[in-house]
Amino acid sequence: MSENQNLLAEQRRALILDEVRKRGGVRVNELTRRLNVSDMTIRRDLDALARQGVVEKVHGGAVPVVEASTHEPGFEAKSALEQGAKEEIARTAAAMAPPGSAVALSGGTTTYALARHLLDVPDLTVVTNSVRVADVFHDAQRPAPGRAARPGAATVVLTGGVRTPSDALVGPVADRAIDSLHFDLLFLGVHGISAEAGLSTPNLAEAETNRRFVRAARRVVVVADHTKWGTVGLSSFAALDEVDTFVTDAGLDPAVREEIGGYLPGLVVAGGPPEEAVSPG
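For the sequence shown, my numbering puts the final residue at 309, and the numbers step up evenly by one.
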C-alpha cells in the first residue's frame, strides 16, 4: 500500500478493503504504518467499512465478511463502495456508445453511474430494467420552467417486473419485454465474475433476466470494479466467452488481467495507461 497522508477517506478505505480481502485480515498497527495515519483514523475507517457490511471488526483489526452466495446487498449499501472506481469505469464505458444506437443497461450501481455519462450521447434508445437508471434519464429530460426539452435526448424504455433489493426489475414480465427487442450494445453490471462461474448473481430471477439481455445484444460490455473478480453468486447466467469487453478499474491485479485475457477478447482498465484502452468498435 502507498504511504500517503493526503489520501481521501474513500481511497484509503478502498485500500484497506483490498488488503483485508487479499490477506484475509489486517491489524490496526500495520495499517497505521503503511498509510502513515493515526490509530484513530484507521479505527474510524474500519467502523465505516463495518457499517457497510464488508468487513467484520475483531480485536486489533478486521477480517472480511464471508457472504453466502444467496446474499444480495441493497442498492444504497452497494452505492457506498468503490465510488471512485465506478466513476472511472462509467466515464470510459460511455465512450463506447455510438450516437443514435440502441443500448441496454442492466441494474446495478455501476450502470447507474454510467447512465449519468450517457446523458451526453445524443439520440440513444435506452432499454433498462433498473428503476434508478430510468430515473437518471427522466430527471435530466424534465425541462426547467420556460425551457424546451433538450434536443437529442434519449428515448427510454423501462421494462416491467418484480423489484429486487438492488432496484432491478426481473421476472417473466421483464423477460418477455427483453425477448422482443434487439440491442446494439448491452452494458451489464454483475454481482460476481470469475473464470469458473462466469457472470453470476445471488438472485435466480435476475439471472434469467440477465440471460435474456445477453441473448438480445450484438455486443456485451461488462462494467464491474476489481472487487467483483472472484466473487460467485448463487446462479451463473453467462460464460466469459459471451462477453466482448470487460471494463474495470486499475485495482485489478496484473496477474488477474493476464488470466482474463485468455477468456475474453477485450479488457479495458479505466484510468490505466493508453495501451490498455481499446477502440469502442
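C-beta: ideal position from N, C-alpha, C; glycine also.
Contact between the region 184-201 and the region 110-118 is absent, with fewer than three C-beta pairs closer than 8 Å.
When A123, S228, E270 and D281 are compared, the shortest CA-CA separation from V242 is found for E270. Here the alpha carbon of L77 sits roughly 42 Å from the alpha carbon of S208.
In this structure, DSSP gives A42 a helical state, which the three-state scheme calls helix. Take T259, set aside five residues on each side of it, and the residues of its chain with a beta-carbon closer than 6 Å to its own are G220, in chain order. Taking C-beta atoms under 8 Å as the contact rule, V65 and T139 fail to qualify, at a distance of about 34 Å. Assignment of beta-bridge partners to S263 by DSSP yields T229. Just so you know, the alpha carbons of L295 and D73 end up roughly 31 Å apart. For secondary structure counted as the beta strand (DSSP E) over 3 or more consecutive residues, the region 121-164 holds these complete runs in sequence order: 130-133 and 153-156. In this structure, I206 lies away from V161, with their beta-carbon atoms at least 9 Å apart.
CA-CA distance, G52 to H166, rounds to 43 Å. D167 carries a helical assignment under DSSP once its states are collapsed to helix, strand and coil. Per the coordinates, the alpha-carbon of G89 lies some 27 Å from the alpha-carbon of G261. Taking all protein chains in view, the Cβ of K50 is surrounded by fewer than 16 other Cβ atoms within 10 Å, so the residue is classified as exposed.
As a beta-bridge residue in DSSP terms, S222 pairs with G226. Beta-bridge analysis with DSSP links T255 to no other residue. Contact between V275 and A298 is confirmed by a C-beta separation of about 6 Å, below the 8 Å threshold. In its chain, beyond the 5 residues on either side, T153 have a beta carbon closer than 6 Å to the beta carbon of T183. With contacts defined as CB atoms closer than 9 Å, A122 and H87 fail to qualify as a contacting pair. Scanning its chain for C-beta atoms nearer than 6 Å, with the 5 sequence neighbours on each side dropped, one finds around S222 the residues G258 and V260, in chain order. Checking the DSSP bridge columns, you'll see T273 partnered with V249 and G294. Taken atom to atom, the span from the alpha-carbon of N57 to that of S263 is near 39 Å.
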